[in-house]
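Undergrad: Protein chains in written order, with the numbering used here: chain G, 1 to 332; chain W, 333 to 664. My questions all concern the structure below.
2 protein chains.
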Amino acid sequence: MAATLQDVAHLAGVNPSTVSRVLNGKSVISPETRERVLAAIEKLDYHPNSLARSLASGQAGAIGVVLDAQDVGAFQNPFFSASQFAIEQYAQDQGYHVMVANGGRKSGNAVERLVLERKVDGLIMPPSTGHPELLKKLIHFPYVFLGQPDENGDDYNWVDIDNEYGALIAVEHLVSKGYRRIAYLGGSQRSDAGFIMRRQKGYLKGIPEGELHWLLATDGTPENAYEVAMACLQGEQHPDAFLLDDNMAGIGLIKACRELGLSIPQDIGAVTFNNFPMAAYTDPPLTAIDINTGLLGTETAQMLFECMKEAEAGHHKLIKPSLIERESTQKK
Amino acid sequence: MAATLQDVAHLAGVNPSTVSRVLNGKSVISPETRERVLAAIEKLDYHPNSLARSLASGQAGAIGVVLDAQDVGAFQNPFFSASQFAIEQYAQDQGYHVMVANGGRKSGNAVERLVLERKVDGLIMPPSTGHPELLKKLIHFPYVFLGQPDENGDDYNWVDIDNEYGALIAVEHLVSKGYRRIAYLGGSQRSDAGFIMRRQKGYLKGIPEGELHWLLATDGTPENAYEVAMACLQGEQHPDAFLLDDNMAGIGLIKACRELGLSIPQDIGAVTFNNFPMAAYTDPPLTAIDINTGLLGTETAQMLFECMKEAEAGHHKLIKPSLIERESTQKK
DNA sequence: TTTTACCATGCAAGCGCTTGCATAACGAGC
DNA sequence: GCTCGTTATGCAAGCGCTTGCATGGTAAAA
Numbered sequence: 001m002a003a004t005l006q007d008v009a010h011l012a013g014v015n016p017s018t019v020s021r022v023l024n025g026k027s028v029i030s031p032e033t034r035e036r037v038l039a040a041i042e043k044l045d046y047h048p049n050s051l052a053r054s055l056a057s058g059q060a061g062a063i064g065v066v067l068d069a070q071d072v073g074a075f076q077n078p079f080f081s082a083s084q085f086a087i088e089q090y091a092q093d094q095g096y097h098v099m100v101a102n103g104g105r106k107s108g109n110a111v112e113r114l115v116l117e118r119k120v121d122g123l124i125m126p127p128s129t130g131h132p133e134l135l136k137k138l139i140h141f142p143y144v145f146l147g148q149p150d151e152n153g154d155d156y157n158w159v160d161i162d163n164e165y166g167a168l169i170a171v172e173h174l175v176s177k178g179y180r181r182i183a184y185l186g187g188s189q190r191s192d193a194g195f196i197m198r199r200q201k202g203y204l205k206g207i208p209e210g211e212l213h214w215l216l217a218t219d220g221t222p223e224n225a226y227e228v229a230m231a232c233l234q235g236e237q238h239p240d241a242f243l244l245d246d247n248m249a250g251i252g253l254i255k256a257c258r259e260l261g262l263s264i265p266q267d268i269g270a271v272t273f274n275n276f277p278m279a280a281y282t283d284p285p286l287t288a289i290d291i292n293t294g295l296l297g298t299e300t301a302q303m304l305f306e307c308m309k310e311a312e313a314g315h316h317k318l319i320k321p322s323l324i325e326r327e328s329t330q331k332k
Numbered sequence: 333m334a335a336t337l338q339d340v341a342h343l344a345g346v347n348p349s350t351v352s353r354v355l356n357g358k359s360v361i362s363p364e365t366r367e368r369v370l371a372a373i374e375k376l377d378y379h380p381n382s383l384a385r386s387l388a389s390g391q392a393g394a395i396g397v398v399l400d401a402q403d404v405g406a407f408q409n410p411f412f413s414a415s416q417f418a419i420e421q422y423a424q425d426q427g428y429h430v431m432v433a434n435g436g437r438k439s440g441n442a443v444e445r446l447v448l449e450r451k452v453d454g455l456i457m458p459p460s461t462g463h464p465e466l467l468k469k470l471i472h473f474p475y476v477f478l479g480q481p482d483e484n485g486d487d488y489n490w491v492d493i494d495n496e497y498g499a500l501i502a503v504e505h506l507v508s509k510g511y512r513r514i515a516y517l518g519g520s521q522r523s524d525a526g527f528i529m530r531r532q533k534g535y536l537k538g539i540p541e542g543e544l545h546w547l548l549a550t551d552g553t554p555e556n557a558y559e560v561a562m563a564c565l566q567g568e569q570h571p572d573a574f575l576l577d578d579n580m581a582g583i584g585l586i587k588a589c590r591e592l593g594l595s596i597p598q599d600i601g602a603v604t605f606n607n608f609p610m611a612a613y614t615d616p617p618l619t620a621i622d623i624n625t626g627l628l629g630t631e632t633a634q635m636l637f638e639c640m641k642e643a644e645a646g647h648h649k650l651i652k653p654s655l656i657e658r659e660s661t662q663k664k
């Protein structure tokens, strides 16, 4: 069987507690003893049993990441997975492991088990998972939402993209390229979702004085975006640019323009949120608001570790997205 | 603090071991005692400490999933993330949790820690992680590769897509639609990758007697695919259909055809591997070989749990992909 | 030299649970 | 009525590590 701390202690001729101390480095150990212990560890290829360690120390040595399966797309969505990647990196650097749990309806259970069975020291989860009932059980347990809650944001810890800012720089970019009548096209099943409101707010802020604006809602499918764009573009006063809140809307818009004989970017400009790989390969490639998922994950993890140290709640952070310029806004 | 098994025992007026037994259900307990214990558990809102349980029982109650960060795309790749989702579901159904670890160069460390520190009872990893040195350390530790190793496949446990079969049904589909001169277009940085060889094998198998075949290698970028397709389509004897091994190749092919005034599907047919969301939204939408990532994940997890029961190695399983018909093969 | 102080290590009691063995209780068999 | 096999539960020794406290030893202070 694998070597234990005891074995190491025997071989080194010291007490187990001494081995423990050199392992944890929190006590002063004489250089010679340390040497001997280290040598014994090396020789026995000793690896501490994290289970025993956790039990004795009361620290699980792991954090939990909850994915919301209700949002089936979460896993198709590079956004979340890529963040997970960064989170894991960060945790690993801190000597922590990462446990994942899916959820949706059942997520309450998965999350509860993770926490109540003391498998993790902290939790990263989508705000949708944090229904009040669960939160009550988890009170005083370190957590961070990956995404801004739609309500009472101030009461929670969260990290999110600065959607308002993203929309604003998108519109400003369009304006700087000479587009004037800019429409917002997009939406989702939940058109009242907070992030959409925030984007629209930024969008409105960026519209030049006295210019028209359009808030065009779709159901999130390219087909619907196509229809809505068609209708809009055939109106007498139509936009000359679109801010799209998803790549799907981009597909619909491109199709509509093609059918109407409108050129992107000559006649119509377009900027899309969510810089999925696809955006670079549409025809024309779409200028996009890009989310730095690595940064997002890192910041989230970092905030969680802070919360794990000092259990003070109410941290927020907005990550500024950036604009990636492609052909769809290169009006000549 | 949270209630312990002892607390429950006291409240129920029984010995801790009895509580443990009703919890694990492996012993015969009189109905009355069970009732009393259950009531106490309920009343105290008791949740077993999984750490203590694991330490005492020698079972971590978790499996590890290793993502290979060298393949940065792994996380962009719905393929792997979606499998992870299914794996987690399966594990959860078995009462297990899932730990994830990234890797690349450092993956040796992450994996080693997971195993050597006894955090997991089994491991799912990409074959690229399983370099001999690591495997030696892990000998007799339950694992399954998610993906067929390029060499010595028989020696390992793995689950993979049946790439040969996928290529075969793709070609057969093209033939059934009236295409005759079919080319294989695609590749990757590692053009000797096993899965490509297997696809090409299936492709060749499907080519009708006496017809020509083309094995066109690209570097994996759409740009390169475009160039290669251009060159090929301008040759005197050119293909009338393509089997693409990635959506990126599809982008390149579409562009080439458009420039040459060739219609897909009238003049050129196309089937692509990897049914990324993008494939449904190209113009025209691409007929694709679809990987059932859910099934892939489930089968992988299932195999791992089998390996964890009876440590016999050498299991393999191929998951048959299916063909999703779209416009790119609808020759009239 | 004696006292004071500290430094490095040993000691042992847990952390919360599992589990092999012992035991009391009980009905059945002779 | 006595022994024997069952059955349901108790007992206690761990699982491998951490950590507060005790202790021996050495250097600085007196």
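Backbone N, C-alpha and C fix where the C-beta goes; we use that ideal spot for every residue, glycine too. These figures come from a predicted structure and were not determined experimentally.
1. Please name the residue, chosen from G:126, G:170, G:99, G:251, that lies closest to residue 208 of chain G on a Cα-to-Cα basis.
2. Of all the beta strand (DSSP E) runs that stay within the bounds of the stretch 430-484 of chain W, which reach a length of 3 or more residues?
3. Does the beta-carbon distance from residue 574 of chain W to residue 515 of chain W come in below 7 Å?
4. Residues of chain G with a CB under 7 Å from the CB of residue 613 of chain W: which are they?
5. Decide if residue 258 of chain G is buried, meaning its Cβ has at least 16 other Cβ atoms within 10 Å, or exposed.
6. Taking the C-alpha atoms as reference points, what is the distance between residue 263 of chain G and residue 456 of chain W?
7. Measure the beta-carbon distance from residue 657 of chain W to residue 491 of chain W and round it to whole angstroms, keeping in mind my assumption that it falls under 8 Å.
8. Report back the beta-carbon spacing between residue 97 of chain G and residue 62 of chain G to the nearest angstrom; my notes put them in contact at under 8 Å.
9. Sort out for me which residues DSSP pairs residue 648 of chain W with in a bridge.
10. Roughly how many whole angstroms lie between the Cα atoms of residue 377 of chain W and residue 649 of chain W?
11. When the Cα of residue 5 of chain G is compared with those of G:49, G:35, G:33, which residue comes out closest?
12. Of all the options G:111, G:120, G:144, G:58, which has the alpha carbon lying nearest to the alpha carbon of residue 133 of chain G?
13. Quick check on residue 568 of chain W: buried or exposed, where buried means 16 or more other Cβ atoms within 10 Å of its Cβ?
14. Measuring CB to CB, does residue 32 of chain G end up less than 7 Å from residue 434 of chain W?
15. Does DSSP put residue 623 of chain W in a helix, in a strand, or in coil?
16. Taking the CB atoms as reference points, tell me whether residue 19 of chain G and residue 8 of chain G lie closer together than 7 Å.
17. Assuming residue 535 of chain W and residue 499 of chain W are in contact, meaning their beta carbons sit under 8 Å apart, how far apart are those beta carbons, in whole angstroms?
18. Where DSSP assigns a beta bridge to residue 601 of chain W, which residues make up the other side?
19. Under 7 Å between C-beta atoms, does residue 503 of chain W make it to chain G?
20. Tell me whether residue 654 of chain W sits in a helix, a strand or coil according to DSSP, three-state version.
21. List the whole-angstrom C-beta distance separating residue 232 of chain G from residue 244 of chain G, where the pair is believed to meet the contact cut-off of C-beta under 8 Å.
22. Can you give me the Cβ contacts of residue 627 of chain W inside the same chain, cut-off strictly under 8 Å, excluding the 5 residues immediately before and after it?
23. Tell me whether residue 212 of chain G is buried or exposed, calling it buried when 16 or more other Cβ atoms sit within 10 Å of its Cβ.
24. Who are the Cβ neighbours of residue 214 of chain G in its own chain at under 7 Å, not counting the five residues just before and after it?
25. Do residue 222 of chain G and residue 248 of chain G have their CB atoms nearer than 7 Å?
26. Find the nearest neighbour of residue 304 of chain G within the set G:156, G:174, G:12, judged by alpha-carbon distance.
27. For the candidate residues W:355, W:427, W:384, whose alpha-carbon lies nearest to that of residue 374 of chain W?
28. With a threshold of 7 Å between beta-carbons, can residue 618 of chain W be considered close to chain G, or not?
29. Does residue 331 of chain G come within less than 7 Å of chain W when only Cβ atoms are used?
30. Helix, strand or coil for residue 62 of chain G, going by three-state DSSP, please let me know.
31. Would you say residue 468 of chain W lies against chain G (beta-carbon separation less than 7 Å)?
32. Given that a residue counts as buried once 16 or more other Cβ atoms are within 10 Å of its Cβ, and exposed if not, what is residue 74 of chain G?
TA: To lay it out plainly:
1. Looking only at G:126, G:170, G:99, G:251, the smallest Cα-Cα distance to residue 208 of chain G is reached by G:170.
2. Counting only runs of 3 or more, we get 454-457, 475-478.
3. yes
4. 222, 251
5. That one is exposed.
6. Cα-Cα distance, rounded: 49 Å.
7. Not a contact, Cβ separation roughly 26 Å.
8. 4 Å
9. In DSSP, residue 648 of chain W forms a bridge with W:490.
10. 43 Å
11. G:49
12. G:111
13. exposed
14. Going by C-beta atoms, residue 32 of chain G is not nearer than 7 Å to residue 434 of chain W.
15. coil
16. yes
17. 4 Å
18. W:573
19. no
20. If DSSP states are grouped into helix, strand and coil, residue 654 of chain W belongs with the strands.
21. 13 Å between Cβ atoms; not a contact.
22. Only 418, 651 meet the Cβ criterion.
23. exposed
24. 183, 184, 232, 239
25. yes
26. G:156
27. W:355
28. Closer than 7 Å: no.
29. no
30. strand
31. no
32. Bear in mind that the predicted position of residue 74 of chain G carries a pLDDT of just 43, short of 50, making it unreliable; the figure below should be weighed with that in mind. Label assigned to residue 74 of chain G: buried.
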